[in-house]
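**Student:** Under the working numbering, the first residue of the sequence shown carries the number 275, and numbering increases by one thereafter. Let me give you the structure first, and then I'll get to my questions.
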Amino acid sequence: MANYNVVETTNMWGAKCLSFQATSDIENGMLVAKGDLVTGETDIYTASVPTTSDEVYLVANPAWSYDNNRATDQNEENYINKAGVPFRVYQLKKDNKFKTYSTGITPITETKESETKDVPVAVGQYITVDGSTNKPKAVATKPTSGFVGKVIAVEEIGFPYCIGSIGQNVVIGSGDSAVGMGYSADTRVTKVTIEVIKNV
Numbered sequence: 275m276a277n278y279n280v281v282e283t284t285n286m287w288g289a290k291c292l293s294f295q296a297t298s299d300i301e302n303g304m305l306v307a308k309g310d311l312v313t314g315e316t317d318i319y320t321a322s323v324p325t326t327s328d329e330v331y332l333v334a335n336p337a338w339s340y341d342n343n344r345a346t347d348q349n350e351e352n353y354i355n356k357a358g359v360p361f362r363v364y365q366l367k368k369d370n371k372f373k374t375y376s377t378g379i380t381p382i383t384e385t386k387e388s389e390t391k392d393v394p395v396a397v398g399q400y401i402t403v404d405g406s407t408n409k410p411k412a413v414a415t416k417p418t419s420g421f422v423g424k425v426i427a428v429e430e431i432g433f434p435y436c437i438g439s440i441g442q443n444v445v446i447g448s449g450d451s452a453v454g455m456g457y458s459a460d461t462r463v464t465k466v467t468i469e470v471i472k473n474v
């Protein structure tokens, strides 16, 4: 079963929608730069990895499947924009807000005692591009150039539920407050709301 990123266009007033096309599969919630028109097309542009000097666009194509035989076919986490197939993007404007899964963001890393760990995405962190992938990147300090977003809310939804020995041994919390859930399917996801501060 796939586990792709999901995006919600929470408050995207004034954002223009365009059609882009990529040469490789791309998930919703990623950031892309606008290239030239696709050969033979008049309204579909090539999508590329954005640099810190590029205006960025949010990949947010409607996530649905023609195959509706199973409920899982309509699960947004199973949807990805295929290479060579046009998809919808939003031109991000100041004060726009959108939500994405925390797994769709490259987290800040910190090193303590020669051990590197990811810092969970948190309110107050900033979002920018890393210049090498389409994945938004969290940073601790506000960037001075390029696309800048700010994390304004983080919410966890879902819960682990017991399914017997075929599940994973799930533990909630840590230390003295840790609670073992036994063999469960963990359906928890963390959604991050990002407000656009500037886009070049």
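Glycine included, every Cβ here is placed at the ideal spot set by N, Cα and C.
Tell me the residue span of the beta strand (DSSP E) that contains Phe433.
**Tutor:** No beta strand (DSSP E) contains Phe433, which DSSP labels as neither H nor E.
**Student:** Less than 8 Å separating the beta-carbons of Lys424 and Glu469?
**Tutor:** Yes; because the gap between Cβ atoms is below 8 Å, this pair is in contact.
**Student:** Given a cut-off of 8 Å, decide if Val413 and Thr402 are closer than it, judged by their beta-carbon atoms.
**Tutor:** yes
**Student:** How long is the line joining the alpha carbons of Gln365 and Ser451, rounded to whole angstroms?
**Tutor:** 44 Å
**Student:** Taking one C-beta from the stretch 303-315 and one from the stretch 380-391 each time, how about it: are there three or more such pairs within less than 8 Å?
**Tutor:** Note that the stretch 303-315 does not touch the stretch 380-391; fewer than 3 beta-carbon pairs, one per stretch, sit closer than 8 Å.
**Student:** Could you check how far apart the C-beta atoms of Ser376 and Val280 are, in whole angstroms? I think they sit under 8 Å.
**Tutor:** At roughly 11 Å, the Cβ-Cβ gap does not stay under 8 Å, so Ser376 and Val280 are not in contact.
**Student:** Taking Cβ to Cβ, would you say Asn355 is nearer than 8 Å to Asn335?
**Tutor:** yes
**Student:** If we define contact as Cβ-Cβ less than 8 Å, is Asp310 a contact residue for chain D?
**Tutor:** Checking the listed chains, one finds no chain D in this structure; it contains a single protein chain.
**Student:** Could you tell me if Phe433 is buried or exposed, where buried requires 16 or more neighbouring beta carbons within 10 angstroms of its beta carbon?
**Tutor:** It is exposed - the Cβ of Phe433 has fewer than 16 other Cβ atoms within 10 Å.
**Student:** Alpha carbon to alpha carbon, how far is Thr326 from Ser419? Give it in angstroms, no decimals.
**Tutor:** 7 Å
**Student:** I'd like the span of the beta strand (DSSP E) that includes Lys373, first residue to last.
**Tutor:** First-last of the beta strand (DSSP E) with Lys373: Lys371 to Tyr375.
**Student:** I need the straight-line Cα distance from Lys416 to Tyr278, nearest angstrom please.
**Tutor:** 28 Å
**Student:** Which term fits Gln348, buried or exposed, when burial requires 16 or more other beta carbons within 10 angstroms of its beta carbon?
**Tutor:** exposed
**Student:** Ignore the nearest five residues each way along the sequence and tell me which others in Ala289's own chain have a CB closer than 7 Å to its CB.
**Tutor:** Tyr364, Gln365, Leu366, Lys367 and Asn370, listed in sequence order.
**Student:** Which class does Asp328 belong to by DSSP, given the choice of helix, strand or coil?
**Tutor:** coil
**Student:** What number of angstroms, rounded off, separates the C-alpha of Asp341 from the C-alpha of Thr407?
**Tutor:** 30 Å
**Student:** Among Phe372, Val422, Asp299 and Asp460, which one has its Cα closest to the Cα of Glu329?
**Tutor:** The residue with the shortest Cα to Cα distance from Glu329 is Val422.
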